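Numbering (our numbering), first residue to last: 1121 to 1271. Glycine included, C-beta positions come from ideal geometry on N, C-alpha and C. Note that this is a predicted model, so its numbers are computed, not measured.
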Amino acid sequence: MPSKTPVKKKTSAKPKAKPAAKKPAPKGRSKTATAAPKPKAAPVKVGPRHPRARVVAGHGSKAALAKALAPVIARADEDTGALEERLKKASNAQLLRLQRATQTLKDKYGNRDKLIAAIGAATHKAKDKDYLAKLETYSLPQLLDLAAASA
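Encoded structure:
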């Protein structure tokens, strides 16, 4: 019968690391001195985030924005009064998107005819009357996308 002697496990005892010594405070400063408070920056004015609030803040009302957009967005054969009535029923987000498109049109090209001429020149089809007539039927955002793609 084998003897039942306890087997002693060998373990390596690692010495515990000593805590790091604290650095002495620089001369001339006491431990209780605190840094001077930083001056607060001026608060940044944040505009409204919701589309309705942005329409009201920027244009006063939905009707006023629709009235401002209608003449710019209207095609040559379209009645601006009827277009304005349709725009009054559009969502605020859609009106804001159209407003950004009209602002881009005014800043980069001036008006719709110059935008169509720029697209024709960029695609080397400035003399193709059928192509330019087809472009006149496109909506303003479509024309801006075409101009961005052809540039």
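Under a Cβ-count criterion, where at least 16 other Cβ atoms within 10 Å of its own Cβ denotes burial, should residue i be classed as buried or exposed?
i, result
"R1232", "buried"
"A1196", "exposed"
"Q1262", "exposed"
"V1164", "exposed"
"A1221", "buried"
"A1268", "exposed"
"V1175", "buried"
"A1238", "buried"
"A1202", "exposed"
"A1190", "buried"
Tell me whether residue i sits in a helix, a strand or coil according to DSSP, three-state version.
i, result
"V1166", "coil"
"K1187", "helix"
"K1272", "Within the shown structure, residues of the chain are numbered from 1121 to 1271, placing residue 1272 beyond reach of any answer."
"P1171", "helix"
"A1267", "helix"
"A1140", "coil"
"A1177", "helix"
With distance defined between alpha-carbon atoms, name the residue in the options nearest to residue i.
i, options, result
"E1198", "A1269, E1256, L1266", "E1256"
"Q1223", "A1188, A1210, L1203, K1209", "A1188"
"K1254", "A1194, A1242, I1236", "I1236"
"K1209", "Y1229, L1225, L1185", "L1185"
"G1277", "L1266, D1227, L1225, A1194", "A query on residue 1277 cannot be resolved here, the shown segment of the chain reaching from 1121 to 1271 and no further."
"L1192", "L1207, P1171, G1178, S1181", "Residue identity check: residue 1192 is Val in the sequence provided, not Leu. It is L1207 whose Cα lies nearest to the Cα of V1192."
"E1204", "A1194, A1213, N1212", "A1194"
"S1259", "L1225, S1181, P1157", "L1225"
"N1212", "A1242, D1227, R1172", "R1172"
Indicate, with yes or no, if the ligand FMN has a heavy atom lying under 7 Å from the CB of residue i.
i, result
"K1234", "The ligand FMN is absent from the structure shown, which contains no ligands of any kind."
Using a Cβ-Cβ distance cut-off of 8 Å, determine whether residue i contacts chain C.
i, result
"A1194", "Protein chain content of the structure displayed is limited to a single chain, and chain C is not contained in it."
Contiguous alpha helix (DSSP H) assignments of at least 4 residues, all confined to the segment 1187-1260: 1200-1208, 1212-1228, 1232-1242, 1249-1255
Cβ pair count under 8 Å reaching 3, the segment 1209-1222 against the segment 1234-1252: no
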